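> Mind having a look at this structure? Questions to follow.
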Amino acid sequence: MSKTYKIGIIKGDGIGPEIIDEAVKVLDAVSVSMGFNLKYDEFLLGGAAIDATGVPLPDETIQGVKKCDSVLFGAIGGPKWDNLERHLRPESGLLALRKSMGTFANLRPATVYDELVNASSLKPSVVAGVDIMVVRELTGGIYFGQPRELLEDRAYNTMIYTREEVERIAKVAFDIAMKRNKRVCSVDKANVLEVSQFWRETVIKVAADYPEVELTHMYVDNAAMQLIRDPKQFDVILTGNIFGDILSDAASMLSGSIGLLPSASTGKGVGLFEPIHGSAPDIAGQGIANPIATISSASMMLRYALGECEAADKIDDAIKKALHEGYRTGDIGDYDAKEIVTCSEMGDIIADYASR
Ligand code: IPM
Ligand code: MN
Numbered sequence: 016m017s018k019t020y021k022i023g024i025i026k027g028d029g030i031g032p033e034i035i036d037e038a039v040k041v042l043d044a045v046s047v048s049m050g051f052n053l054k055y056d057e058f059l060l061g062g063a064a065i066d067a068t069g070v071p072l073p074d075e076t077i078q079g080v081k082k083c084d085s086v087l088f089g090a091i092g093g094p095k096w097d098n099l100e101r102h103l104r105p106e107s108g109l110l111a112l113r114k115s116m117g118t119f120a121n122l123r124p125a126t127v128y129d130e131l132v133n134a135s136s137l138k139p140s141v142v143a144g145v146d147i148m149v150v151r152e153l154t155g156g157i158y159f160g161q162p163r164e165l166l167e168d169r170a171y172n173t174m175i176y177t178r179e180e181v182e183r184i185a186k187v188a189f190d191i192a193m194k195r196n197k198r199v200c201s202v203d204k205a206n207v208l209e210v211s212q213f214w215r216e217t218v219i220k221v222a223a224d225y226p227e228v229e230l231t232h233m234y235v236d237n238a239a240m241q242l243i244r245d246p247k248q249f250d251v252i253l254t255g256n257i258f259g260d261i262l263s264d265a266a267s268m269l270s271g272s273i274g275l276l277p278s279a280s281t282g283k284g285v286g287l288f289e290p291i292h293g294s295a296p297d298i299a300g301q302g303i304a305n306p307i308a309t310i311s312s313a314s315m316m317l318r319y320a321l322g323e324c325e326a327a328d329k330i331d332d333a334i335k336k337a338l339h340e341g342y343r344t345g346d347i348g349d350y351d352a353k354e355i356v357t358c359s360e361m362g363d364i365i366a367d368y369a370s371r
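Heads up: the sequence shown at position 107 corresponds to 122 in the working numbering, and the numbers run straight through without jumps.
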């Protein structure tokens, strides 16, 4: 009998529903051709959840995702919900979901498709062949630190990391490096922050268990500069929550568009797979969003959560073929395009190639 996987689907806000529909289209195509079944269960998060239930992360979502084999997520947020109290904002729902799922390790690959070396704002010679894995700590640091408060004349947040939090994310980074080029660059601000000094000391201790991996350290300001100057020097970048948030957006532009890059959030149990971009309310509903980041996240889900590596390869190859054939959504439309396609047409093309 063929296998059946239960996939949680969170469409979210803005372009979330459009891009998720295309990823599901591709997943369906590939599962049919590879002979396994996918059963979907939809959950609410973010603005969509606020509108339907009054809160950004309903209990049904927290409980529901736990019963899935993995979760595919679009994006959340938008101007409609920007003026709500912080704990009621869409972003708070996403952060609370990450925390409740225990997805402390956020893997954000920054790679450059050969077909799109001209799409980056950097020179092709600088970006061609870039292959970086950003390992971002996702459930700690300043995002979650207590105390935090907004007062009349001042406000504060707390950046805090425990030994256990740093050790477990460092192990993830070193394990990944062992399967890649065996180089980890840990990014911090140890020249200024105690929490970063602790981060660095703890990472050095974990490194002792990985003698084959070369560990280097970089201050975050320098890392931001080096990512733009010479991105090929990096293999695995290991960093905390807020630095990883910022550096992964910067790294995404090496590829030419933030609409291309996927991410996997893993940790204790069920994983959460999502594009690194946001809900892009300015282009929502126009059918012009680039679904590749989400389709690529679906591929990561098949590979890392379900172990369906052949199916994941098929999706990755189909994305490359679509780009090679010159199909482009608007965001990358200026670069070696044969035809500008809509979000849904791009999904059709990739689904077709993936099912062959
Ligand atoms: C991301 C996003 C989120 C983050 C926001 C929406 C809370 O920017 O996934 O990178 O900061 O983690
Ligand atoms: Mn971000």
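For glycine and all other residues, C-beta sits at the position ideal for the given N, C-alpha and C.
Computed from a predicted model, the values in this text were never measured in an experiment.
Taking buried to mean at least 16 other C-beta atoms within 10 Å of its own C-beta, is M240 buried or exposed?
exposed
> For the stretch 20-81, list the alpha helix (DSSP H) runs that are entirely contained and at least 4 residues long, ordered along the chain.
Runs found: 31-49, 62-68, 74-81.
> Rank I24, S263, A369, D363 by C-alpha distance to the C-alpha of G274 and give the top, closest one.
S263
> Can you list the alpha helix (DSSP H) stretches of 4 or more residues lying completely in the stretch 244-322, in chain order?
256-267, 307-315
> When every heavy atom of the ligand MN is checked, does at least one fall within less than 8 Å of the C-beta of S263?
yes
> Out of L208, L42, G50, state which residue places its alpha-carbon closest to the alpha-carbon of V86.
L42
> Among the candidates P124, I355, D351, G31, whose CA atom is the shortest distance from the CA of N133?
Per the Cα distances, D351.
> Express the C-alpha separation of F213 and E180 in angstroms, rounding to a whole number.
One C-alpha to the other measures close to 11 Å.
> Under 8 Å from any heavy atom of the ligand IPM, does the C-beta of Y319 make it?
no
> Tell me the DSSP secondary structure of A234 in three-state form.
Strictly speaking, residue 234 in this sequence is Tyr, with Ala absent from that position. In the structure shown, Y234 sits in a strand (DSSP, three-state: E or B).
> Hey, out of G108, I147, K197, whose CA is closest to L242's CA?
Minimum Cα distance to L242 is reached at I147.
> Quick check on DSSP: helix, strand or coil for M16?
coil
> Excluding the 5 residues preceding and the 5 following A38 in the sequence, name in chain order all residues of the same chain whose CB lies nearer than 8 Å to its CB.
L87, P306, T309, I310, S312, A313, G362
> Whole angstroms are fine: how far does the CA of K114 sit from the CA of L103?
Going from the Cα of L103 to the Cα of K114 covers about 16 Å.
> Need the endpoints of the alpha helix (DSSP H) that T217 sits in, please.
From DSSP, the alpha helix (DSSP H) with T217 extends over 209-222.
> Which residues in the same chain have their Cβ closer than 7 Å to the Cβ of I298, if we skip the five residues on either side of it in sequence?
I30, A304
> By the 10 Å Cβ neighbour count, where 16 or more other Cβ atoms means buried, how is Y377 classified, buried or exposed?
Residue 377 lies beyond the stretch modelled for the chain, which goes from 16 to 371, so this question has no answer here.
> Any contact of the stretch 134-143 with the stretch 201-208, i.e. 3+ C-beta pairs under 8 Å?
no
> For my contact list, N121 and R151 are in at a C-beta cut-off of 8 Å; report their separation, rounded to the angstrom.
4 Å
> How would you label C200, buried or exposed, when you count the other beta carbons within 10 angstroms and need 16 or more for buried?
buried
> The ligand IPM heavy atoms versus the CB of L338: any closer than 8 Å?
no
> Look at the Cβ atom of V127, then the Cβ atom of G271, and state whether they are nearer than 9 Å.
Against a cut-off of 9 Å, the Cβ pair of G271 and V127 comes out as a contact.
> Tell me the DSSP secondary structure of G117 in three-state form.
coil
> Leaving out the 5 sequence neighbours to the left and right, which residues in its chain are closer than 8 Å to Y234 when beta-carbon positions are compared?
The beta carbon of Y234 lies closer than 8 Å to those of V202, D203, K204, A205, N206 in the same chain, with the five residues before and after it left out.
> Could you tell me if M16 is buried or exposed, where buried requires 16 or more neighbouring beta carbons within 10 angstroms of its beta carbon?
exposed
> Out of curiosity, what's the CA-to-CA distance linking K26 and E323?
23 Å
> Run through the DSSP bridge pairs and tell me what E164 is partnered with.
Y171
> Can you tell me where the alpha helix (DSSP H) holding F189 begins and where it ends?
178-193
> Report whether the distance from the Cβ of D43 to the nearest heavy atom of the ligand MN is below 8 Å.
no
> From which residue to which residue does the alpha helix (DSSP H) around D332 run?
324-339
> CB of I347 to nearest heavy atom of the ligand IPM: below 8 Å?
no
> Cβ of V356 within 9 Å of Cβ of Y342?
yes
> Considering only heavy atoms of the ligand IPM, does any lie closer than 8 Å to the CB of E100?
no
> Could you tell me whether the Cβ atoms of L110 and F159 are closer together than 9 Å?
yes
> Under 9 Å, do G286 and A320 count as touching if we go by C-beta distance?
yes
> Any idea if G61 is buried or exposed, counting beta-carbon neighbours within 10 angstroms, 16 or more meaning buried?
buried
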